[in-house]
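Going by our numbering, the sequence shown wraps up at 187, each residue one higher than the last.
A short worksheet on the structure shown next.
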Amino acid sequence: MSDHPQKNIKYFWEDLELGKRIEMGSITVDHDEVIAFASKYDPQPFHLSDEAAAKSIFGRLSASGWHTCSMAMGLMVRNFLHESSSLGSPGLEKIKWLKPVYPGDTLTLFQVIQDRRPMNSRPDVGLTRTLWEMFNQHGEQVLLMDGWGMFRRRAPAAAAPAASAEKAG
19 MSDHPQKNIK
29 YFWEDLELGK
39 RIEMGSITVD
49 HDEVIAFASK
59 YDPQPFHLSD
69 EAAAKSIFGR
79 LSASGWHTCS
89 MAMGLMVRNF
99 LHESSSLGSP
109 GLEKIKWLKP
119 VYPGDTLTLF
129 QVIQDRRPMN
139 SRPDVGLTRT
149 LWEMFNQHGE
159 QVLLMDGWGM
169 FRRRAPAAAA
179 PAASAEKAG
């Protein structure tokens, strides 16, 4: 976060290791939150009502994919980004909802840094491409997100060379 004093930041761009898989925590899906989220943001019947969901392809109430993404984002912020020099994200490359998420499921999020490169236009900023993988309590993957993040660099002049073959932008 750009307004944090540097002394409170634990992770700068240079600290984000390629290929390292890190657990970002777990969350249990709440029945009432599924309905509340869907009522406001994704009011499809199978997200709103046990009765309607029972007649759907899911067979029971399921969380919106956007709710699943929001739960992942909450874990990422609370367990990593708050301690980092995060400057936001220019966007996602891919998102997949791989299995339905149901109330009572416990979801665990992992991140893996796939790529990293400095920004030519901002020597104080580095980019990371991160894979987010979320699994339910049965070890089944329910979410895959792939996207870029921007992080302040600790020492732009002394930063490690880009690990990517891509041209920095």
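Beta carbons: idealized from backbone N, C-alpha and C, even for Gly.
Treat the numbers as computed from the prediction; the structure is a model and nothing was measured.
Using alpha carbons as the reference points, say which of 147, 32, 118 and 64 lies closest to residue 158. Within the sequence shown, residue 158 is the residue found at index 140, counting from 1. Out of 147, 32, 118 and 64, 118 has the C-alpha closest to the C-alpha of residue 158.
DSSP beta-bridge partners of residue 147: Start at 1 with the first residue of the sequence shown, and residue 147 comes out as number 129. Partner residues in the beta bridge of residue 147, as assigned by DSSP, are 133 and 166.
Exposed or buried, which one is residue 135 when buried takes at least 16 other CB atoms within 10 Å? For the purposes of this step, residue 135 is taken as residue 117 along the sequence shown, with counting starting at 1. By the 16-neighbour rule on beta-carbons within 10 angstroms, residue 135 is buried.
Residues in its own chain within less than 7 Å of residue 1 by CB, not counting five upstream and five downstream? One cannot answer for residue 1 here, as it falls past the ends of the chain, which runs 19 to 187.
Exposed or buried, which one is residue 81 when buried takes at least 16 other CB atoms within 10 Å? On the sequence shown, residue 81 is found 63 positions in, with the first residue counted as 1. With a 10 Å radius around the Cβ and a threshold of 16 neighbouring Cβ atoms, residue 81 comes out buried.
Below 8 Å, how does it come out for the stretch 25 to 37 and the stretch 46 to 65: are there three or more Cβ pairs, yes or no? Contact fails between the stretch 25 to 37 and the stretch 46 to 65, because fewer than three Cβ pairs, one in each stretch, are under 8 Å apart.
Member of 108, 45, 116 and 132 whose CA lies at the smallest distance from the CA of residue 160: Here residue 160 refers to the residue found at position 142 when the sequence shown is read from its first residue. Among 108, 45, 116 and 132, the Cα nearest to that of residue 160 is on 116.
Quick check on residue 171: does DSSP put it in helix, strand or coil? To locate residue 171, count along the sequence shown from 1; it is residue 153. Three-state DSSP puts residue 171 in coil, outside helix and strand.
CA-to-CA distance, residue 110 to residue 147, given in whole angstroms: Here residue 147 refers to the residue found at position 129 of the sequence shown. Here residue 110 refers to the residue found at position 92 of the sequence shown. Cα to Cα, residue 147 sits roughly 9 Å from residue 110.
Please report the straight-line C-alpha distance between residue 58 and residue 174, rounded to a whole angstrom. As a first step, residue 58 is located in the sequence shown; it is residue number 40 there, counting from the start. As a first step, residue 174 is located in the sequence shown; it is residue number 156 there, counting from the start. Cα to Cα, the separation comes out at about 43 Å.
Kindly list the residues whose CB is nearer than 6 Å to the CB of residue 31, restricted to its own chain and excluding five residues on each side of it in sequence; keep chain order. Within the sequence shown, residue 31 is the residue found at index 13, counting from 1. For residue 31, where only same-chain residues beyond five positions count, the Cβ hits under 6 Å are 144, 169 and 171.
Whole-angstrom distance between residue 121 and residue 101, CA atom to CA atom: Locating residue 101 in the sequence shown gives position 83, counting from the first residue. Locating residue 121 in the sequence shown gives position 103, counting from the first residue. Taking C-alpha positions only, residue 101 is separated from residue 121 by approximately 30 Å.
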